[in-house]
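Colleague: Here's a structure for you.
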Amino acid sequence: MRRDSNAEPSSLQPSGLLSREAMTGKFSLRAILSTGDGDAGEPSGMTVSLPRDDPVDLGLVNSTIAKSLFENFMTVLNPYICQMDPVLHTYPYVRQRSSFLFTAMLAMAAKLFNTSIHKQLHEHAEELLSRCFREGSKSAEIAQGALILTYWKEPQDTRAWTLVGWVIRMCIDLDWHKLAASLGGSYDDKSELERREVRNVERTWLVLFVYDRSISLQTGKPYMIERNDFIESVDTWCNNSISIANDFFLGALVRLRLETSVIFNLIGPKRFGRDGLSLNNIESLLTLINRRIMEWQNRWVQLAEQQGPPDEESCHPFLIRFYGTHLRLQVFSLPLQELLRACDPESSPSLEMLWVAYSSATDMLRMIPQNSSRLFFAQDSVHIMIAYSAAFLIKLLVLAPESMTKEIEPSTLEIIRNAAIAFSQQAAQPGSSCALQAGFLNKVTSNLATRWRTESRSAAANQVVAVAAQTPIQGNRPSSTRTPAQSRDWAILDSVDPASQQGTLDFQFVSDETWEHLFASAGFSTQDGVFLA
286 MRRDSNAEPS SLQPSGLLSR EAMTGKFSLR AILSTGDGDA GEPSGMTVSL PRDDPVDLGL
346 VNSTIAKSLF ENFMTVLNPY ICQMDPVLHT YPYVRQRSSF LFTAMLAMAA KLFNTSIHKQ
406 LHEHAEELLS RCFREGSKSA EIAQGALILT YWKEPQDTRA WTLVGWVIRM CIDLDWHKLA
466 ASLGGSYDDK SELERREVRN VERTWLVLFV YDRSISLQTG KPYMIERNDF IESVDTWCNN
526 SISIANDFFL GALVRLRLET SVIFNLIGPK RFGRDGLSLN NIESLLTLIN RRIMEWQNRW
586 VQLAEQQGPP DEESCHPFLI RFYGTHLRLQ VFSLPLQELL RACDPESSPS LEMLWVAYSS
646 ATDMLRMIPQ NSSRLFFAQD SVHIMIAYSA AFLIKLLVLA PESMTKEIEP STLEIIRNAA
706 IAFSQQAAQP GSSCALQAGF LNKVTSNLAT RWRTESRSAA ANQVVAVAAQ TPIQGNRPSS
766 TRTPAQSRDW AILDSVDPAS QQGTLDFQFV SDETWEHLFA SAGFSTQDGV FLA
């Protein structure tokens, strides 16, 4: 019997015996039971690309404004997310290829550049997204459009975690998890258009890897994409002859996640103490990690500066420094949090550990006045990271030894206020990220200053956040017999929600609910994976 060249005789599993078409993105009963006589008749995965869905043809936006918004997205917003290839994704190409992706790009550009038409474009993009889900459509463009809708969300939108998970499942259905490792010349037998379309798929999968790992770290939920040879070969992928400047920034983020993926398993909750690593081992590990982050940062900043546009300063060097500093804050705050919770004099945090965490948070905020114009266009995750660094500093001022905070308190509050001023000077629309950020930073500093004058340090540990959120924190231990030092230690324990500590990386000395109220009071949503790094 002659073998079918398309068969996989070595596999006796469903994936090897059933219809190949059904196993590659069209898993339906009709596709599985198809007799090959043309009766399967699956609708195309590009149903959203029909002319009737085009926002220009529908009169949602005229052609001139659409072209302007598209150009603004590609030149201003795309460098932050590294999804689109400016050579491949031209205005005619995207418009013909996918009305959903086209509309999503225009809607997000309108949110920042032409707010009067943002609502109608956003509603149309949401309708097309719903249709994609209902019809089971799958394509690179659908994946990209869905991701774009998660970067600059509406304040009340909490779907990022769910949407990213859906997109990953879609792409796995398209066999993207089987992409081969980049080998430099692997595209030589293809035309330039074909090569760029292949890289478009690869680029989107790398973006998803970074997004998936980032959300996992921030929420404590499991990630979906495993590292493999393709992802490990990102350095080679970046150096391809048709690489673009954005690819190097994406490569930097992929490499950061690869190099630090095991760190949090080593220093996470319950990893040190009586049954885990000693404080000395933790400090040695942190020193090594800090060095690796600095090496990563120096290398990729240099590459980004070399690859950046010659006629204008790229946002990539700033973002690489910002993400590296944010990761350093995350890494050092996690064991610091556990040590403070332990209330064990023998495992009190070292001055170096405190100082690196503190300086990382202040360095993040010091970058803001120098880069405020770039932050105007940054996606939501960057603003949440900034709010996190400010919240960390406020809690540190309250909880750290007074001998330390007495010296740093004035300069710390000034750094936060300067960041707030920088955001308020952006002339941003009410409700925009910059306006919300300015309000948030001003609120936490003013609340601290007010409480500092009237409350003891231990009371301030609970009250500064509670006042901001208008949600009093209830202590669960009597305080009438505590010494001042005991009051401070119990305040730490009283304000921690142990259930929220499993696998999360937020520097939480209060419950998730309290922090959510605090962020929400300033207009931020902290649910379902708003973070990206």
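Each residue of the sequence shown is one higher than the one before, counting from 286 in the working numbering.
We put the CB at the ideal spot given by N, CA and C, even for glycine.
#1: Compute the distance between the beta-carbons of Q592 and A530, then report whether it is under 7 Å.
#2: Taking contact to mean at least 3 C-beta pairs separated by less than 8 Å, is the segment 703-710 in contact with the segment 650-659?
#3: Using a C-beta cutoff of 7 Å, does A537 count as contacting chain D?
#4: Exposed or buried, which one is A685 when buried takes at least 16 other CB atoms within 10 Å?
#5: What does a CB cutoff of less than 6 Å around S415 pick up in its chain, not counting 5 residues either side in sequence?
#6: Inspect the CB distances between the segment 570-577 and the segment 541-555 and report whether three or more fall short of 8 Å.
#7: Given a cut-off of 7 Å, decide if H409 and T388 are closer than it, judged by their beta-carbon atoms.
#8: By the DSSP assignment, the alpha helix (DSSP H) with L272 in it spans what residues?
#9: Can you give me the Cβ contacts of Q429 inside the same chain, cut-off strictly under 7 Å, excluding the 5 residues immediately before and after it?
#10: May I ask you to report which of helix, strand or coil DSSP gives L397?
#11: In chain order, what are the residue ranges of uninterrupted alpha helix (DSSP H) at least 4 long that sit wholly in the segment 637-675?
#12: Spatial neighbours of I366 within its chain, please: CB distance less than 8 Å, with the 5 preceding and 5 following residues excluded, ordered by chain position.
#13: Report yes if the C-beta distance between I567 and T647 is below 7 Å; otherwise report no.
#14: Check N583 in the structure and name its three-state DSSP category.
#15: Do you know whose CA, among E411, R337 and Q503, lies nearest L614's CA?
#16: Pull up the distance between the alpha-carbon of A395 and that of R337, whole angstroms please.
#17: Using CA coordinates, which residue listed in N525, E477, P440 and P620 is at the minimum distance from L570?
#18: Do S518 and A589 have their beta-carbon atoms positioned less than 7 Å apart in this structure?
#19: Tell me whether D474 sits in a helix, a strand or coil according to DSSP, three-state version.
#20: For S526, which of helix, strand or coil comes out of DSSP?
#21: With DSSP as the reference, label M455 as helix, strand or coil.
#22: By Cβ distance below 7 Å, which residues in the same chain neighbour S461 in space, the five residues on each side in sequence not counted?
#23: Return the CA-CA distance between N550 and N513, expressed in angstroms with no decimal places.
#24: If you drop the 5 nearest sequence neighbours on each side, which residues of the same chain put their C-beta closer than 7 Å to that of T610?
#25: DSSP state of C828, grouped into three classes?
#26: Helix, strand or coil for T443? Go by DSSP, reduced to three states.
#27: Going by beta-carbon coordinates alone, are T730 and L698 separated by less than 7 Å?
#28: Taking all protein chains shown into account, do 16 or more other C-beta atoms lie within 10 angstroms of the C-beta of S499, making it buried, or fewer, making it exposed?
#29: One question on the structure: do V341 and A351 come within less than 7 Å of each other, judged by their Cβ atoms?
#30: Would you decide whether Q714 is buried or exposed? Buried here means 16 or more other CB atoms lie within 10 Å of its CB.
#31: Rounded to the nearest angstrom, what separates W451 and S666 at their Cα positions?
#32: What residue from V539, D473 and R540 has the CA that sits closest to N525's CA?
#33: Can you give me the Cβ contacts of G716 inside the same chain, cut-off strictly under 6 Å, excluding the 5 residues immediately before and after it?
#34: Helix, strand or coil for I510, going by three-state DSSP, please let me know.
Modeller: Judging by the given coordinates:
#1: Along the sequence shown, read from residue 1 onward, the residue named residue 592 stands at position 307. Along the sequence shown, read from residue 1 onward, the residue named residue 530 stands at position 245. The answer is yes: Cβ separation under 7 Å.
#2: yes
#3: Of the protein chains in this structure there is only one, and it is not chain D.
#4: Stepping through the sequence shown from its first residue, residue 685 is reached at position 400. Its Cβ being crowded by 16 or more others within 10 Å, A685 is buried.
#5: Looking up residue 415 in the sequence shown gives position 130. No residues qualify anywhere along the chain.
#6: yes
#7: Counting from 1 along the sequence shown, the entry for residue 388 is found at position 103. Counting from 1 along the sequence shown, the entry for residue 409 is found at position 124. In this structure, H409 lies closer than 7 Å to T388 by Cβ.
#8: Look at the range of the chain in this structure, 286 to 818, and you will see that residue 272 is not part of it.
#9: For the purposes of this step, residue 429 is taken as residue 144 along the sequence shown, with counting starting at 1. Cβ within range, chain order: Q368, L386 and T489.
#10: Here residue 397 refers to the residue found at position 112 when the sequence shown is read from its first residue. Here L397 sits in helix by DSSP.
#11: 657-660
#12: Numbered from its first residue, the sequence shown carries residue 366 at position 81. Excluding sequence neighbours, I366 sits near L432, I433, Y436, V492 and Q664.
#13: Mapped onto the sequence shown, residue 567 falls at position 282. Mapped onto the sequence shown, residue 647 falls at position 362. No.
#14: The residue labelled residue 583 in the question sits at position 298 within the sequence shown. Helix.
#15: Taking the first residue of the sequence shown as 1, we reach residue 614 at position 329. If we check each option's Cα against that of L614, Q503 comes out closest.
#16: The count along the sequence shown starts at 1 and reaches residue 395 at position 110. The count along the sequence shown starts at 1 and reaches residue 337 at position 52. Their Cα atoms are separated by approximately 21 Å.
#17: Mapped onto the sequence shown, residue 570 falls at position 285. Ranking N525, E477, P440 and P620 by Cα distance to L570 puts P620 first.
#18: Translated into positions along the sequence shown, residue 589 becomes position 304. Translated into positions along the sequence shown, residue 518 becomes position 233. It is not a contact, given that the beta carbons lie outside the stated cut-off.
#19: As a working note, residue 474 is residue 189 in the sequence shown. Correct three-state label for D474: coil.
#20: The count along the sequence shown starts at 1 and reaches residue 526 at position 241. Looking at S526 - three-state DSSP - the assignment turns out to be coil, as it is neither helix nor strand.
#21: To locate residue 455, count along the sequence shown from 1; it is residue 170. Of the three classes helix, strand and coil, the one that applies to M455 here is helix, per DSSP.
#22: As a first step, residue 461 is located in the sequence shown; it is residue number 176 there, counting from the start. Residue 461 is actually Trp in this sequence, not Ser. So the list reads V486 and W490, once near-sequence residues are dropped.
#23: Translated into positions along the sequence shown, residue 550 becomes position 265. Translated into positions along the sequence shown, residue 513 becomes position 228. The alpha-carbon atoms of N550 and N513 are separated by roughly 19 Å.
#24: Taking the sequence shown and counting its residues from 1, one reaches residue 610 at position 325. Counting only Cβ-Cβ distances below 7 Å, and skipping sequence neighbours, we find S645, D648 and M649.
#25: Residue 828 is absent from the model: the chain starts at 286 and stops at 818.
#26: Looking up residue 443 in the sequence shown gives position 158. DSSP places T443 in coil when its eight states are reduced to three.
#27: For this step, residue 730 is matched to residue 445 along the sequence shown. For this step, residue 698 is matched to residue 413 along the sequence shown. Yes.
#28: For the purposes of this step, residue 499 is identified with residue 214 of the sequence shown, where counting begins at 1. Per the 10 Å Cβ criterion, buried.
#29: Against the sequence shown, residue 341 aligns to sequence position 56. Against the sequence shown, residue 351 aligns to sequence position 66. Yes, Cβ-Cβ distance for V341 and A351 is below 7 Å.
#30: For the purposes of this step, residue 714 is identified with residue 429 of the sequence shown, where counting begins at 1. Q714 is exposed by the Cβ-count criterion.
#31: As a working mapping, residue 451 is identified with position 166 in the sequence shown. As a working mapping, residue 666 is identified with position 381 in the sequence shown. W451 and S666: Cα-Cα distance of roughly 19 Å.
#32: Your numbering for residue 525 matches position 240 in the sequence shown. It is D473.
#33: Numbered from its first residue, the sequence shown carries residue 716 at position 431. None.
#34: Start at 1 with the first residue of the sequence shown, and residue 510 comes out as number 225. Correct three-state label for I510: coil.
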